[in-house]
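In case it helps, the working numbering puts the sequence shown at residues 1 to 121.
In this text, a Cβ means the ideal position worked out from N, Cα and C, and glycines have one as well.
Input: a single structure, listed below in C-alpha cells.
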Amino acid sequence: MEPANDAIHKLSDVARIRQSLRASVAKLMDAAEHLAQQIAALDAAERQVRALALRETSRVLDGHPDPDERGRLGTLQGETNANFRQMRAAYAELSSRIDALLGQHQELYDATFAPDTTDRS
1 MEPANDAIHK LSDVARIRQS LRASVAKLMD AAEHLAQQIA ALDAAERQVR ALALRETSRV
61 LDGHPDPDER GRLGTLQGET NANFRQMRAA YAELSSRIDA LLGQHQELYD ATFAPDTTDR
121 S
C-alpha cells in the first residue's frame, strides 16, 4: 500500500500533465486559427493582385502592344503565380503539421487518461 503523500503527489503530477496537454492543445488550436486567417488573407491578396495584373495588362495592350512589354507582363504573372503556389504549399505543410501534432496530443491524452476498462475481478 502506498503512503497517502505518495498518492497525493502522483495525483498532482497527473493534474499537471493533464493541464500541460490542455494548454498545448489550446496553443495548437490558436495556431491553426491564425493559419486559417493567414490563408484567408492570402486569398484576398491573390484576388487583388490578379485584378491589378488584369487591369495593367489591359492598359498596356490597349495602348500599344509592345512585344517586350507583353513578355515582361507574362513573366511577371508567371513569377507571381509561382510565389502564390509556394505560399500555399508552405501553409498546407504547416496546417498538416499542426493537425498531426493535435492527433498526437489526442493519442497521448487518450492513452494517459482514458478510463481503464480492464476487468479487475
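- Contact between the stretch 19 to 27 and the stretch 60 to 77 is absent, with fewer than three C-beta pairs closer than 8 angstroms.
- By the Cβ rule, the stretch 76 to 88 counts as touching the stretch 37 to 56, because three or more pairs are nearer than 8 angstroms.
- Contact between the stretch 95 to 113 and the stretch 44 to 55 is not established, with fewer than three Cβ pairs separated by less than 8 angstroms.
- By the CB criterion at 8 angstroms, L28 and L101 fall inside the cutoff.
- The C-beta distance from A53 to T80 rounds to 7 angstroms, short enough to fall under 8 angstroms.
- Per the coordinates, the alpha-carbon of K10 lies some 26 angstroms from the alpha-carbon of G103.
- Setting aside the 5 residues that flank it on each side, R88 has no residue in the same chain whose C-beta is closer than 6 angstroms to its C-beta.
- Looking at the backbone, the Cα of Q38 and that of L76 are separated by about 24 angstroms.
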